[in-house]
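Encoded as structure tokens, the structure appears first; notes follow it.
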Amino acid sequence: MEIERKYLITQPPAGYSSHPYHFIEQGYLSTEPVVRVRREDDVFYLTYKSKGLLEREEYNLPLTRESYEHLIKKADGHILTKRRYLIPLEDSGHLTIELDVFEGRFKGLVLAEVEFPEREEAERFIPPSWFGEDVTFSGDYQNSRLSRLP
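Heads up: the sequence shown begins at 1 in the UniProt record's numbering, then just goes up one per residue.
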């Protein structure tokens with residue numbers, strides 16, 4: 001189960017790029033239901049996600065590089081590329097901000113996601129002051145939706 005909040009970021013915090021990051025490339029074989037192939041650095045997998053905004057089921061299946069390269073060519077819409085910076089959330093003790101800085105077609109878009117172990121914790125979450133608009137429930141910034149933009 002994936003439980004996450006998502007925020008639009010207009011001004012990332014100073015020094016964000018000094019944090020560890022992953023390079024991510026992903027494409028969507030289907031957006032209803034969501035079936036995605038992703039390369040995260042040198043790890044490859046296929047993901048299924050159920051419907052939902054704050055909370056949804058998610059399953060990952062490992063892929064070989066060859067399988068990924070075959071499937072990414074079959075993706076509908078745009079291939080998304082981004083750097084995901086992992087920033088510890090101070091005072092939480094266990095949460096991490098995943099700061100997605102998009103490249104390519106969506107260069108300039110920055111989103112922050114925070115995943116939670118329980119729905120109640122996600123509902124009580126108070127974001128850092130540098131977070132912008134909470135877009136969790138709009139769906140407009142879901143990667144699967146971005147992939148379909150004209």
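All residues carry an ideal CB built from backbone N, CA and C; glycine is no exception.
Contact check, residue i vs residue j, beta carbons under 8 Å
i, j, result
"residue 148", "residue 47", "no"
"residue 89", "residue 114", "yes"
"residue 45", "residue 71", "no"
"residue 7", "residue 85", "no"
"residue 95", "residue 12", "no"
"residue 146", "residue 106", "yes"
"residue 9", "residue 131", "yes"
Expected contact under 8 Å - CB spacing of residue i and residue j to nearest Å
i, j, result
"residue 126", "residue 81", "Their Cβ separation, rounded to whole angstroms, is 31 Å, which puts residue 126 and residue 81 out of contact at 8 Å."
"residue 22", "residue 40", "5 Å"
Cα-Cα separation, residue i to residue j
i, j, result
"residue 55", "residue 123", "11 Å"
"residue 78", "residue 27", "7 Å"
"residue 137", "residue 42", "32 Å"
"residue 121", "residue 92", "11 Å"
"residue 5", "residue 29", "24 Å"
Identified DSSP bridge partners for residue i
i, result
"residue 97", "87, 114"
Residue span of the beta strand (DSSP E) that contains residue i, given as start and end
i, result
"residue 70", "Here residue 70 belongs to no beta strand (DSSP E); instead the alpha helix (DSSP H) covers 65–72."
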